[in-house]
Amino acid sequence: MKKKNIIILVTILIVTIVVGSLVWLKFIKKEELSLNDNLVKELYDEIETYFIPELYDGFESYNENNFYMDKLVTYDTLSDEAKLYYAYQTIKDIKDKKINSCDELKSYTFNNMNLYEYCLKDPYMLSNVEFMFNDVNKAKLEDAYHKMYGYDKEMPLKSFTMSFTGVCLYSDVEDEYLCHNQVGGDTTFGISRTKLISADKYFDRIELDDRYVWVDLADNNGFDYYKSRFNKELIANVSEYNEDNDAEYLDKGALYKHVFKKDSDGNYYWYSSERVE
536 MKKKNIIILV
546 TILIVTIVVG
556 SLVWLKFIKK
566 EELSLNDNLV
576 KELYDEIETY
586 FIPELYDGFE
596 SYNENNFYMD
606 KLVTYDTLSD
616 EAKLYYAYQT
626 IKDIKDKKIN
636 SCDELKSYTF
646 NNMNLYEYCL
656 KDPYMLSNVE
666 FMFNDVNKAK
676 LEDAYHKMYG
686 YDKEMPLKSF
696 TMSFTGVCLY
706 SDVEDEYLCH
716 NQVGGDTTFG
726 ISRTKLISAD
736 KYFDRIELDD
746 RYVWVDLADN
756 NGFDYYKSRF
766 NKELIANVSE
776 YNEDNDAEYL
786 DKGALYKHVF
796 KKDSDGNYYW
806 YSSERVE
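If you count by the working numbering, then the sequence shown holds residues 536 to 812, one letter each, in order.
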């Protein structure tokens with residue numbers, strides 16, 4: 536065999552081994568993590584199940600911007616408001632922030648209403664618990680945003696809803712956020728239930744698999760368990776809802792895979808969520 540042919544064969548062999556090793560590392564070799572692993576719990580906490588409807592003029596609906604969709608969900612498919620809301624939900628130890636003067640509200644507008652002018656008209660606003668704000672500011676939100684989506688992402692600067700009575704307002708003048716406490720909640724029925732079933736670690740990512748069901752009022756009577764809120768695949772109808780019974784139906788729920796990629800510093804950030812069954 537000629538020397539040239541030997542070199543070609545050796546090169547092909549080396550390339551095959553390298554490519555095979557990379558494929559094995561990326562798609563085959565995995566480490567099963569405990570569901571009680573602190574990192575697993577921290578990452579899974581980022582997967583918010585709550586749906587927010589459109590509440591106020593000027594805010595996009597969050598109903599089409601949820602992790603539990605019947606299609607692939609990525610950073611690019613979420614609205615800016617949804618990205619900000621989910622990042623906000625990961626912030627721990629949020630404390631109240633007392634507004635002492637109406638002057639502090641001059642640069643903030645909510646639902647086409649200037650908060651300063653509203654404050655002047657309502658002398659009880661500053662003492663009313665429903666108008667208490669919290670200490671989440673631009674710096675805190677940006678830190679949470681980068682931890683969740685990756686440090687290469689640029690946080691959009693805009694207002695967003697947090698709940699039925701909570702909102703974070705962004706001021707271009709101040710280049711700052713003012714966040715209103717979440718008070719109260721939705722009075723309509725319809726809840727998501729999830730159950731984490733596996734956590735696998737690969738060399739470049741962690742994959743979390745869970746089961747999901749949507750529980751809603753039945754058209755005729757009782758409550759229905761569905762695999763999806765969007766494609767209502769009925770699992771069961773029950774006369775009364777009891778949270779203790781969720782486990783039985785979760786085993787029949789839709790299967791989702793949540794992928795968290797690892798960056799060059801070893802940090803994990805949410806990359807995608809997708810229904811796989």
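Idealized CB from N, CA, C, for every residue including glycine.
- Grouping DSSP H, G and I as helix and E and B as strand, with all else coil, what is ALA679? helix
- Are TYR643 and LEU650 closer than 8 Å when you measure CB to CB? yes
- Message: Judging by CA-CA distance, which residue of ALA771, ASP754, LYS762 and SER706 is the nearest neighbour of THR729?
- Response: LYS762
- Query: If you drop the 5 nearest sequence neighbours on each side, which residues of the same chain put their C-beta closer than 6 Å to that of VAL794?
  - Reply: ARG740, GLU742, TYR806 and SER807
- Query: Got a sec, what are the start and stop residues for the beta strand (DSSP E) ALA782 sits in?
  - Reply: ALA782 -> not in any beta strand (DSSP E); alpha helix (DSSP H) instead, spanning 781-785.
- Just to confirm, are TYR510 and SER694 a CB contact at a threshold of 8 Å? The structure shown does not extend to residue 510, since the chain spans only 536 to 812, so no value can be given for it.
- Item | Spatial distance of MET683 from GLU581 (CA atoms) | 7 Å
- Message: Can you tell me whether LEU661 is helix, strand or coil according to DSSP?
- Response: helix
- Short check: CB of LEU676 to CB of ILE634, under 8 Å? no
- Nearest candidate by alpha-carbon position, reference LYS641, set ILE770, ASP735, ASP707 and PHE765: ASP707
- Task: Could you pull out every residue in the same chain whose Cβ sits closer than 7 Å to the Cβ of PHE645, ignoring the five residues on either side in sequence?
- Result: VAL702 and LEU704
- Item | Backbone CA spacing between SER799 and THR609 [nearest angstrom] | 20 Å
- Query: By Cβ distance, which residues of its chain are closer than 6 Å to TYR760, with the 5 residues on each side in sequence left out?
  - Reply: VAL748, VAL750, ILE770, ALA771 and TYR784
- Contact test: PHE602 Cβ vs the ligand MG heavy atom, cutoff 7 Å: Because no ligand of any kind appears in the structure shown, any question about the ligand MG cannot be addressed here.
- If you check the beta carbons only, do GLY788 and ARG746 fall under 8 Å apart? yes
- Reduced DSSP category for TYR803 - H, G, I as helix; E, B as strand; rest coil: strand
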